[in-house]
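Down below is the structure, laid out as structure tokens.
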Amino acid sequence: MLAQQRQSRIAERVHRTGAVRVAELVEEFGVSDMTIRRDLETLAERGLVAKVHGGATAVDFGSTSEPGFAVKQVRQEPEKQAIADAAATLVGPGQAIALSAGTTTWTLAHRLTDVADLTVVTNSVPVADVFYRAGRPDQTVILTGGVRTPSDALVGPFAVASLEKVNVDTVFLGVHGMSERAGFTTPNLLEAETVSTLASKGRRLVVVADHTKFDVVGIATIASLADADVVVTDSLLDEEARRALGAHVDQVVLAPVPAAEPHGPAKRTHTEKRP
1 MLAQQRQSRI AERVHRTGAV RVAELVEEFG VSDMTIRRDL ETLAERGLVA KVHGGATAVD
61 FGSTSEPGFA VKQVRQEPEK QAIADAAATL VGPGQAIALS AGTTTWTLAH RLTDVADLTV
121 VTNSVPVADV FYRAGRPDQT VILTGGVRTP SDALVGPFAV ASLEKVNVDT VFLGVHGMSE
181 RAGFTTPNLL EAETVSTLAS KGRRLVVVAD HTKFDVVGIA TIASLADADV VVTDSLLDEE
241 ARRALGAHVD QVVLAPVPAA EPHGPAKRTH TEKRP
């Protein structure tokens with residue numbers, strides 16, 4: 001296959017699914033890792049994809065760009081699975097928790113359907129649906145009202161009003177981006193107030209975000225890095241980003257991504273605590 005044909009197919013796949021990984025493309029096309037990386041570099045120079053660590057995503061057209069739930073669902077799947085596994089260990093029977101909208105919190109929701117006597121507050125239709133389909137009679141799910149966004153979040157004055165008198169043990173917050181300058185951000189202005197309110201309603205705030213979210217900045221800030229008690233991310237986060245988070249957050253959990261460690265056994269979850 002000619003390079004141009006291969007690149008065209010890669011661009012089409014990114015446009016269709018929202019993201020691709022280098023390892024997947026190497027296996028699919030039977031070429032070297034370096035060849036695929038050159039293809040992605042060429043496509044990125046042409047503005048057809050956005051390069052990220054380990055692959056490429058559909059082009060983000062700015063701080064207000066908000067992909068739909070289905071598009072985000074296929075991005076960084078191994079990382080989200082690892083993050084969900086680690087975050088689920090922070091939840092015990094009988095607790096009250098809140099889950100914001102997002103595909104990482106949606107993945108986490110699947111891990112929590114077996115937790116007894118759990119009360120869940122959420123502004124996410126897909127998250128609520130996970131618990132509804134599980135059908136546990138000892139779990140209570142409270143879904144806020146509000147205006148539905150492209151990421152299937154319920155936001156706005158009705159959502160804020162429903163959250164004002166809620167108090168939970170832990171809030172799990174998915175974010176569009178996180179940076180030292182802007183903190184945790186969203187691309188949706190209407191969502192910012194709702195999620196900021198949600199973030200303030202727990203005794204503990206846990207942010208769940210994969211490594212590609214670092215240094216991504218949405219138009220509106222939800223909370224500062226220091227507002228988070230715990231950040232659960234994945235082991236592909238680079239050293240500089242780890243140091244930056246560690247300077248502001250009391251506990252940074254690095255969930256191991258099996259695909260990142262093809263030789264040898266999977267590593268245990270690594271936790272870094274601020275001195």
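In this text, residue positions in the sequence shown follow the UniProt record's numbering: the first is 1, and each later residue adds one.
Just so it is clear, CB atoms sit at the ideal spot from N, CA and C, and this is done for glycine as well.
Rounded separation between residue i and residue j - CA only
i: Glu-45; j: Leu-112; result: 42 Å
i: Glu-30; j: His-53; result: This sequence places Gly at residue 30; Glu is not what is there. Each residue's Cα considered, the two are about 21 Å apart.
i: Arg-141; j: Met-1; result: The amino acid at residue 141 is misidentified as Arg; the sequence shows Val. The alpha-carbon atoms of Val-141 and Met-1 are separated by roughly 52 Å.
i: Pro-187; j: Arg-13; result: 24 Å
i: Lys-165; j: Ser-100; result: 16 Å
i: Glu-193; j: Val-26; result: 43 Å
i: Gln-76; j: Leu-236; result: 11 Å
i: Phe-61; j: Ala-116; result: Below a pLDDT of 50, predicted positions are generally treated as unreliable, and Phe-61, at 48, falls in that range; the measurement from the model is reported next regardless. The straight-line gap from Cα to Cα measures roughly 42 Å.
i: Phe-172; j: Ser-200; result: 11 Å
i: Ser-224; j: Val-125; result: 26 Å
i: Ala-244; j: Ala-226; result: 11 Å
i: Val-168; j: Leu-43; result: 46 Å
i: Val-252; j: Thr-271; result: 6 Å
i: Ala-3; j: Asp-129; result: 43 Å
i: Ile-222; j: Asp-250; result: 18 Å
i: Ser-196; j: Ala-182; result: 14 Å
i: Ser-151; j: Ser-32; result: 35 Å
i: Val-120; j: Val-216; result: 28 Å
i: Leu-189; j: Thr-122; result: 19 Å
i: Gly-55; j: Met-34; result: 12 Å
i: His-248; j: Phe-131; result: 33 Å
i: Gln-81; j: Ala-98; result: 19 Å
i: Arg-136; j: Leu-205; result: 26 Å
i: Thr-185; j: Met-178; result: 6 Å
i: Val-71; j: Thr-17; result: Only weak support exists for where Val-71 lies, its pLDDT of 48 falling under 50; the coordinates are left without a value.
i: Ser-63; j: Phe-214; result: Because the pLDDT of Ser-63 is 46, which lies under 50, any placement of that residue in the model is unreliable, and the number read from its coordinates should be weighed accordingly. Computed Cα separation, rounded: 14 Å.
i: Arg-37; j: Gly-47; result: 15 Å
For residue i, the first and last residue of its enclosing beta strand (DSSP E)
i: Ser-200; result: Element bounds for Ser-200: n/a, residue is neither H nor E.
i: Gln-251; result: 251-255
i: Gly-183; result: 183-186
i: Thr-221; result: 220-223
i: Leu-90; result: Taken as a continuous stretch (DSSP letters only), Leu-90 belongs to no beta strand (DSSP E), as it is neither H nor E.
i: Ala-96; result: 96-99
Assigned secondary structure, residue i (DSSP; H/G/I helix, E/B strand, else coil)
i: Val-20; result: strand
i: Leu-173; result: strand
i: Ala-82; result: helix
i: Pro-270; result: Just to set this straight, residue 270 is His in the shown sequence, not Pro. Of the three classes helix, strand and coil, the one that applies to His-270 here is strand, per DSSP.
i: Ser-235; result: coil
i: Thr-105; result: helix
i: Val-71; result: The predicted position of Val-71 is uncertain, since its pLDDT is 48 and thus under 50; a value taken from the coordinates is nonetheless stated next. Residue state, collapsed to three classes: helix.
i: Leu-118; result: coil
i: Ala-153; result: strand
i: Ser-63; result: Unreliable positioning characterises Ser-63 in this predicted model, as indicated by a pLDDT of 46, which lies under 50. A coordinate reading is not provided.
Nearest-angstrom Cβ-Cβ length linking residue i and residue j, presumed shorter than 8 Å
i: Ile-83; j: Asp-229; result: At roughly 16 Å, the Cβ-Cβ gap does not stay under 8 Å, so Ile-83 and Asp-229 are not in contact.
i: Leu-163; j: Thr-144; result: 6 Å
i: Val-49; j: Ala-11; result: 6 Å
i: Val-175; j: Val-207; result: 6 Å
i: Ala-58; j: His-15; result: 6 Å
i: Val-155; j: Glu-180; result: About 26 Å separates the two Cβ atoms, so there is no contact after all.
First and last residue of the uninterrupted alpha helix (DSSP H) at residue i
i: Leu-163; result: 157-163
Ignoring anything shorter than 4 residues or poking outside the UniProt domain "HTH deoR-type" (3-58), list the alpha helix (DSSP H) runs there in chain order. Counting whole runs of 4 or more residues, the UniProt domain "HTH deoR-type" (3-58) contains the alpha helix (DSSP H) stretches 3-17, 22-29 and 33-45.
Taking only runs of the beta strand (DSSP E) that begin and end inside the segment 120-151, which ones reach a length of at least 3 residues, in chain order? 140-143
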